[in-house]
Amino acid sequence: MSGERILIIEDEARIAQFVERGLIYEGYRVNVARDGQSGLQIARDNPPDLVILDWMLPGLDGLEVCKRLRAASDVPIVMLTAKDDVKDRVVGLDAGADDYLVKPFSIDELMARVRAQFRRVTPTSRPEVLRFADLTLDTGTHRAHRGERAIDLTAKEYELLELFMRNPRQVLTRDVIFDRVWGYDFGGESNIIEVYVRYLRQKTEQDGESRLIHTVRGVGYVLREE
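Numbered continuously in the working numbering, the sequence shown closes out at residue 377.
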C-alpha cells in the first residue's frame with residue numbers, strides 16, 4: 152500500500168467520488184474539498200503529498216488555488232479541466248501545475264500520472280553535483296547555478312534539467328524526454344516539453360548568458376555550448 156496523502160479539490164461530486172474511490176483502492180490516503188478555499192485550508196492543516204485540482208471551481212477558481220499552493224510549497228499538482236486548447240494548457244502550467252488532464256479521463260490514466268509524479272519526487276541515488284560549462288546542478292538540494300548566480304527550479308524544471316545534464320551533447324528526442332521526465336505517454340500533440348524548455352531557457356539565459364539548451368528541429372533538444 153502506498154500511504155501517500157492526496158488532496159482532491161473538485162466541486163462535481165460524481166467526479167470527486169470516482170477519483171477518491173480509485174485512489175483509495177490504490178492505497179492512497181485521500182482528503183476531498185469541494186471548493187478552493189476549503190482546499191487551501193485542508194492543504195494548510197494537513198499538507199498533502201499531491202493535489203488533484205479542478206480548474207472550474209466555485210468562488211476561488213483552480214488557477215488561483217494553484218498559484219497559492221505553489222507559492223507555499225513544491226507539492227505536485229495535477230490539474231483537471233474541460234479546457235483542451237493548447238493556450239489553456241500553457242496557462243495552467245504557468246500557474247504552477249505539474250500536469251494537466253482533460254475531462255473526460257480514464258481512472259487508469261490518472262493513476263499513471265499520479266505514480267509518475269511520485270516517482271519524480273522520490274530520491275533514487277546518492278546526491279552529487281552535475282556540471283556542464285558554467286552550469287551546475289546539485290541533485291541533493293535541487294539547486295542550480297549559472298556561474299555564481301543561483302537558479303530556483305520547480306520540481307518539473309529540475310527533472311528536465313537533470314536529464315539534460317546527465318546526457319550532455321546528446322540529442323534527446325521528444326519520446327525519450329516524455330519517457331524519462333513524465334514517465335508515460337503524454338500524447339504526441341502536447342507541447343509540454345516546449346513549455347518547460349522555455350522555462351529553463353528563461354532561467355538559465357539571463358543578462359546575456361549564452362544558450363545551453365538547443366533545439367534540434369524535428370528531433371528534440373540537446374545540451375551543448377554554442
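Virtual Cβ for every residue (Gly too), placed ideally from N, Cα, C.
| Asked | Found |
| --- | --- |
| Alpha helix (DSSP H) runs wholly inside the segment 303-338, at least 4 long, in chain order | 306-317 and 325-328 |
| Between the CA atoms of K254 and E155 - distance to the nearest angstrom | 24 Å |
| Exposure label - V370; buried when at least 16 CB within 10 Å | exposed |
| Neighbourhood of L314 by C-beta distance below 8 Å, restricted to the same chain and skipping five residues each side | L323, I328, R331 and V332 |
| Closest Cα partner of V280 within the set D200, I159 and Y309 | Y309 |
| DSSP state of T355 mapped onto helix, strand, coil | helix |
| Integer-rounded CB distance, given that L191 should sit under 8 Å from V216 | 6 Å |
| Cβ pair count under 8 Å reaching 3, the segment 262-271 against the segment 234-242 | no |
| Residue span of the beta strand (DSSP E) that contains D289, given as start and end | L286 to D289 |
| Residue range of the alpha helix (DSSP H) that includes G371 | Looking at the DSSP string, G371 is not in any alpha helix (DSSP H); the run it does join, the beta strand (DSSP E), is G371 to L374. |
| As assigned by DSSP and simplified to three states, the class of M142 | Limits of the chain in this structure are 152 at one end and 377 at the other, which puts residue 142 out of reach. |
| Reduced DSSP secondary structure (H/G/I, E/B, other) of V242 | helix |
| Nearest-angstrom Cα separation, counted from K307 out to G338 | Unreliable placement is indicated for G338, whose pLDDT of 49 sits below 50; the coordinate value is still reported in the next sentence. Their backbone Cα atoms lie some 17 Å apart in a straight line. |
| R180 (DSSP reduced to helix, strand or coil) | strand |
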